Each structure stands twice: as C-alpha cells, then as structure tokens.
Amino acid sequence: MAETQLENSHFHDEEDAHHDHHVHFSEDVTPNTDIQVKMKGKSEADVHVGFLQLKHKYEIEFNIPKAPEAKLSPPSEAAPTLRIVEVTPSGDGKGQKILLELDAHKEGLLHHKFVLENHENKEKFKVVLHARVLGSKKGRPMLRDGIKCMHVDKDDEDDGEHSDWKGFE
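Numbering-wise, the UniProt record's numbering puts 36 at position 36 of the sequence shown, and it's gapless, one number per residue.
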C-alpha cells in the first residue's frame, strides 16, 4: 500500500517544473514617485514625503484638496526647521498648493505639524508632514516629485581642514 501512495502523489507537476520560482511583476507596474496626501476628515491631511537625507535642506511643494476660496494662510510661526513659504490656490482649482522649506536636521522619523488658518471665518486646516531621514552614510534617497534639494550642510567629519591628521610622510 505504501508503494501506491508514492505513485499517486507528486511533488511537482509539469507546469511547476517550467517556472523558476521568482516573483514576477506585470509590465504596467510603475514606481509611485508622488508625495502622498491622505485626508483625515475635512480639515486634516497627512502628507508623506518619503525618504530625505540628513543635513540637507529641501524645498517641498504639494497640493491639498481644499477649496481655493478658503484663502488659507500660513502660520506666523512653525518649527525652526520648517518654513512655510506660501499657500496659494492650485492651478487645477481643486485645492491649495503649499510650498515649504524643510531642514532634515535629525536622523529617523520626522513629524511636523502645522495649522493653516482662514482669518476671515476662523476655519483651520491641520497638516502633518511625515518623512524618514537617512543618516549621512546610509545611502542617497530618490526624491519624490515636488521635492528639490536646495542645500547640503558640510559635515565636520568629512571636511579635511578640521582634521589633525598629517598624512603619510
């Protein structure tokens, strides 16, 4: 009876033998390089900008789906590493375009919260910016659409002027 069981069971059928057991993606898969804006109700948005690099200053531009007639204005003060440059109606008329400058000053997860306000009717809109900041020797991230590197701070360790090493003699 044991011989019959072995004859009837097969570990690989002919179709499996021709596959190379690798993951295959369909041809229409493309990387998503857009800044991700996720609405949380009518007056809050989570904005995911992806990976940034330590000691780099970025210009970030994205749209939030808020009515352009709301005339939201940036706060007078934000975090010292975040500067909101302007808030204007987006070109498609379906929201607000936000332009800001961000200094990636600390490695790890970065969360910045700020509130845009319509001074006429006291309406407020909360924005939470999320990013992961990579250390200086952990690779160079691919920036998403709408993000530009404006400035790179020199690291004292990489600057030969501050070294007391005399070199080879």
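Glycine included, C-beta positions come from ideal geometry on N, C-alpha and C.
Only a predicted model underlies this, so the values are computations on that prediction, with no experimental measurement involved.
By the CB criterion at 7 angstroms, L102 and L72 fall outside the cutoff. Here R144 is not bridged, per DSSP, to any residue.
Judged by DSSP in its simplified three-state form, V152 adopts strand. DSSP links H48 through a beta bridge to Q36 and H130.
Minimum Cα-Cα distance from K126 among the listed residues G93, G50 and G41 corresponds to G41. It is roughly 20 angstroms from the alpha-carbon of K55 to the alpha-carbon of K113.
Selection K124, H119, V37 and G135 evaluated against I60 yields V37 as nearest (Cα-Cα).
Assigned with DSSP and collapsed to three states, N118 falls in strand. Excluding residues up to 5 positions away in sequence, nothing lies with its Cβ nearer than 6 angstroms to the Cβ of K154 in the same chain. Beta-bridge partners of S73 (DSSP): E117.
F168 has its alpha-carbon roughly 59 angstroms from the corresponding atom of E44. Bounds of the beta strand (DSSP E) holding V87 are L82 to P89.
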